[in-house]
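Trainee: The structure under discussion is supplied below as structure tokens; questions concerning it will follow.
In the working numbering, the protein residues as written are -14 to 259.
Here you go:
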């Protein structure tokens, strides 16, 4: 079986070694490899970081399919997917503020705080009145209704755990679009993986939990479900996962210091980078 995979960073900063390891891991297994820029948050993503991603990965020795998908150029496609879910009665507007949501119980890493369902049972008239008055709102997936509609079609293959039934309930009613960002990571990733024919999603362990939401959306949107593999995460000397917010060493800085990209790839392959 031909393996088609991808690397999909968000251009909110320069790539660090953790990103490089994730990209290399997917690239090294793939027969075809896509590069995708997840730049839907147009307030945080910057063109200079998008350009740097391509430069840094090329310096590392990776190559990819000629077309780089830039998600901010395809909001209409994601809106069409949202409409399909809305037609099935699976979306509802949520008028709660971020502060109210953050006071709820924390969700798995990478998800919104678990939502208590405050707006789920608002009547149509009340919703319409709030929208007409200009109240800001997000669109949430009615998780209970989505699970009922998807039924048993939520099976996926995880290379670590084998055949698994997606269980996204801990995420609650996830947000699929906001006023300031008209789509979400969860929606875009399943749409684009299907569009690009991805057969194997190879990404970090920190995204394992989100896989359950993605498989549910694939079932609801009649999209194929890839094989999922989640690799180990690189850590710093204190054992913390490498992250932009912690000023992890960037590929750009390593380049400027004269690092050898072949040596970095060799260390990845031999497991010599923690």
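C-beta: ideal position from N, C-alpha, C; glycine also. It should be emphasised that the depicted structure is a prediction, and the values quoted were computed from it without experimental measurement.
Taking only three categories from DSSP, how would you classify residue 78?
Mentor: As a working mapping, residue 78 is identified with position 93 in the chain shown. DSSP places residue 78 in strand when its eight states are reduced to three.
Trainee: Under 9 Å between the Cβ atoms of residue 4 and residue 236?
Mentor: Counting from one through the chain shown, the residue named residue 4 turns up at place 19. Counting from one through the chain shown, the residue named residue 236 turns up at place 251. In this structure, residue 236 lies closer than 9 Å to residue 4 by Cβ.
Trainee: Return yes when the Cβ of residue 187 is within less than 9 Å of the Cβ of residue -10, no when it is not.
Mentor: Along the chain shown, read from residue 1 onward, the residue named residue -10 stands at position 5. Along the chain shown, read from residue 1 onward, the residue named residue 187 stands at position 202. It is a contact, given that the beta carbons lie within the stated cut-off.
Trainee: Indicate whether residue 170 and residue 40 have their beta-carbon atoms separated by less than 9 Å.
Mentor: Mapped onto the chain shown, residue 170 falls at position 185. Mapped onto the chain shown, residue 40 falls at position 55. No. Outside cutoff.
Trainee: Count the CB pairs spanning the segment 74 to 88 and the segment 29 to 48 that are closer than 8 Å, and state whether there are at least three.
Mentor: Cβ pair count under 8 Å is below three, so no.
Trainee: Go ahead and pull the three-state DSSP assignment for residue 20.
Mentor: Translated into positions along the chain shown, residue 20 becomes position 35. Reduced to three states, the DSSP call for residue 20 is strand.
Trainee: Pairing CB atoms from the segment 14 to 29 with CB atoms from the segment 131 to 144, are three or more of them under 8 Å?
Mentor: No, they do not touch.
Trainee: Reducing DSSP to helix, strand and coil, say where residue 196 ends up.
Mentor: Position 211 of the chain shown, counting from 1, holds the residue named residue 196. It is helical.
Trainee: Compare the Cα-Cα distances from residue 101 to each of 125, 119 and 120 and report the closest residue.
Mentor: Numbered from its first residue, the chain shown carries residue 101 at position 116. Among 125, 119 and 120, the Cα nearest to that of residue 101 belongs to 125.
Trainee: For the alpha helix (DSSP H) containing residue -12, name the first residue and the last one.
Mentor: Within the chain shown, residue -12 is the residue found at index 3, counting from 1. Element bounds for residue -12: n/a, residue is neither H nor E.
Trainee: Under a Cβ-count criterion, where at least 16 other Cβ atoms within 10 Å of its own Cβ denotes burial, should residue 209 be classed as buried or exposed?
Mentor: Translated into positions along the chain shown, residue 209 becomes position 224. By the neighbour-count rule (16 or more Cβ atoms within 10 Å), residue 209 is not buried but exposed.
Trainee: How is residue 49 classed by DSSP in three states: helix, strand or coil?
Mentor: Residue 49 sits at position 64 when you count from the first residue of the chain shown. DSSP places residue 49 in coil when its eight states are reduced to three.
Trainee: Using a Cβ-Cβ cutoff of less than 7 Å, which residues in the same chain neighbour residue 248 once the five nearest sequence positions on both sides are dropped?
Mentor: Taking the chain shown and counting its residues from 1, the one referred to as residue 248 is at position 263. Contacts found: none.
Trainee: Going by C-alpha distance, which of 82, 177, 35 and 114 is nearest residue 103?
Mentor: Reading the chain shown from its first residue, position 118 is the one you call residue 103. Answer by Cα proximity: 82.
Trainee: What are the residues that DSSP puts in a beta bridge with residue 142?
Mentor: Taking the chain shown and counting its residues from 1, one reaches residue 142 at position 157. Answer by DSSP bridge pairing, in chain order: 148.
Trainee: Which runs of the alpha helix (DSSP H) at least 4 residues long sit entirely within the segment 158 to 217? Give them in chain order.
Mentor: For the segment 158 to 217, whole alpha helix (DSSP H) runs of length 4 or above, ordered along the chain, are 170 to 180 and 195 to 205.
Trainee: On a CA-only basis, which of 54, -7 and 167 is nearest residue 9? Give me that one, please.
Mentor: As a working note, residue 9 is residue 24 in the chain shown. When each option's Cα is compared against that of residue 9, the closest is -7.
Trainee: By DSSP, does residue 1 sit in helix, in strand, or in coil?
Mentor: As a working mapping, residue 1 is identified with position 16 in the chain shown. Correct three-state label for residue 1: strand.
Trainee: Assuming the contact rule is C-beta atoms closer than 8 Å, residue 175 and residue 206 should be a hit. Round their C-beta distance to whole Å, please.
Mentor: Stepping through the chain shown from its first residue, residue 175 is reached at position 190. Stepping through the chain shown from its first residue, residue 206 is reached at position 221. Rounded, the Cβ-Cβ distance is 7 Å, consistent with contact.
Trainee: In terms of residues, what are the limits of the alpha helix (DSSP H) holding residue 133?
Mentor: Residue numbering aside, residue 133 sits at position 148 when the chain shown is read from its first letter. Where residue 133 is concerned, the enclosing alpha helix (DSSP H) stretches over 128 to 135.
Trainee: By DSSP, does residue 124 sit in helix, in strand, or in coil?
Mentor: Within the chain shown, numbered from 1, the residue matching residue 124 stands at position 139. Reduced to three states, the DSSP call for residue 124 is strand.
Trainee: Is it a yes or a no for the segment 183 to 200 touching the segment 139 to 157, going by three-plus beta-carbon pairs under 8 Å?
Mentor: Contact holds: three or more Cβ-Cβ distances are below 8 Å.
Trainee: In this structure, does DSSP put residue 103 in helix, strand or coil?
Mentor: For the purposes of this step, residue 103 is taken as the residue at position 118 of the chain shown. In the structure shown, residue 103 sits in coil (DSSP, three-state: anything other than H, G, I, E or B).
Trainee: With distance defined between alpha-carbon atoms, name the residue in 162, 241 and 36 nearest to residue 123.
Mentor: Position 138 of the chain shown, counted from the start, is the residue given in the question as residue 123. Of the listed residues, the one whose Cα sits closest to residue 123 is 162.
Trainee: CB residue -3 to CB residue 63, shorter than 9 Å?
Mentor: Sequence index remark: in the chain shown, residue -3 carries index 12 (1-based). Sequence index remark: in the chain shown, residue 63 carries index 78 (1-based). Contact: no.
Trainee: How should residue 110 be labelled, buried or exposed, when 16 other C-beta atoms within 10 angstroms of its C-beta is the threshold for buried?
Mentor: Numbered from 1 along the chain shown, position 125 holds the residue referred to as residue 110. Its Cβ having fewer than 16 others within 10 Å, residue 110 is exposed.
Trainee: Does residue 231 pass the burial test, meaning 16 or more other C-beta atoms within 10 Å, or should it be called exposed?
Mentor: If you number the chain shown from 1, residue 231 lands on position 246. Low confidence applies here, because residue 231 scores a pLDDT of 47, under 50, leaving its location unreliable and the question unanswered by this model.
Trainee: Out of curiosity, what's the CA-to-CA distance linking residue 48 and residue 141?
Mentor: Numbered from 1 along the chain shown, position 63 holds the residue referred to as residue 48. Numbered from 1 along the chain shown, position 156 holds the residue referred to as residue 141. In a straight line, the C-alpha of residue 48 is about 29 Å away from that of residue 141.
Trainee: Taking the continuous alpha helix (DSSP H) assigned at residue 242, which residues delimit it?
Mentor: Reading the chain shown from its first residue, position 257 is the one you call residue 242. That residue, residue 242, is in no alpha helix (DSSP H); it is neither H nor E in DSSP.
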